[in-house]
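Below is one structure, written out as structure tokens; the observations come after it.
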Amino acid sequence: MIMFPVRQLGHRALVLNRAYPFQCFPYGNSRSDNYSEQDDQSGPVGIPVDRLKIRYSRSSGPGGQHVNKVNSKAEVRFHVQTADWIPAEVRSELLLRYKTRMNKAGELVVTSEVSRSQHRNLDECLQKIRHMISEASYTPPEPSEEDLALRAQRLEKRNQERLKRKKLLSTLKQSRRVDFD
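Sequential numbering of the sequence shown, starting at 0, is according to numbering that gives the first Met the number 0.
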């Protein structure tokens with residue numbers, strides 16, 4: 000069992016080890032199969048929990064006395080530019096796609112307060128980060144020759160239909176016109 004640095008995480012270290020037995024989380028999405036599994040430094044690409052800043056705070060919304068006493072909202076942040084565990088092109092795509100989730104320091108901030116449990120909210124934050132990285136690393140496949148030919152055929156047919164409607168409307172307007180000569 001891999002232990003997280005207890006000084007940084009405090010009493011949460013033992014709970015994190017039970018909830019997340021591995022220190023690195025693979026992106027794990029079927030759409031992200033197009034990126035290489037190796038980083039620039041040739042190591043497995045994953046989400047190292049020890050490089051994330053994890054913070055808990057009071058959750059908003061109804062709940063009576065319990066919600067005012069328990070820190071159940073999870074906030075996970077990391078600096079995108081220095082995240083060497085993410086490939087460079089994925090980092091730049093993250094900066095473009097999620098610039099509204101960045102703070103002034105360049106950190107990507109992800110929060111969750113859907114559950115009353117700290118651990119579920121932390122898991123939700125990590126799932127969001129995995130999803131963001133897999134979305135940023137997805138590159139659509141190149142269209143095949145058949146797809147390009149089909150697209151050109153559809154475009155030609157659409158243009159013919161447009162010209163046909165245009166001619167029909169033109170003849171209709173011509174028939175309404177009255178000559179005063």
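Ideal placement from N, C-alpha and C gives every residue a C-beta, glycine not left out. Quick caveat, the model's predicted, so the values are computed rather than measured.
| query | result |
| --- | --- |
| Cβ shell of Tyr26 (< 6 Å), same chain only, five flanking positions each side left out | Residue placement at Tyr26 is flagged as unreliable, the pLDDT there being 48, under the threshold of 50; the coordinate-derived value follows with that caveat. Once the five neighbours on either side are set aside, the close Cβ partners of Tyr26 are Arg129, Ile132 and Ser133. |
| Sequence-distant residues of its chain with Cβ nearer than 7 Å to Ser35 (five each side left out) | Its pLDDT being 42, under 50, Ser35 is placed unreliably by the model, and the measurement read from it follows with that caveat. Once the five neighbours on either side are set aside, Ser35 has no close Cβ partner at all. |
| Reference Ala104; option with closest CA among Arg76, Arg115, Pro140 and His118 | Arg76 |
| Cβ pair Arg150, Pro142 closer than 9 Å | yes |
| Backbone CA spacing between Asp49 and Ser59 [nearest angstrom] | 27 Å |
| Beta strand (DSSP E) segment containing Val109, residue limits | Glu106 to Ser111 |
| Cα-Cα separation between Tyr97 and Glu123, rounded to whole angstroms | 17 Å |
| Counted within 10 angstroms of its Cβ, other Cβ atoms place Glu92 as buried (16 or more) or exposed | buried |
| Where the alpha helix (DSSP H) containing Lys68 begins and where it ends | Gln64 to Lys68 |
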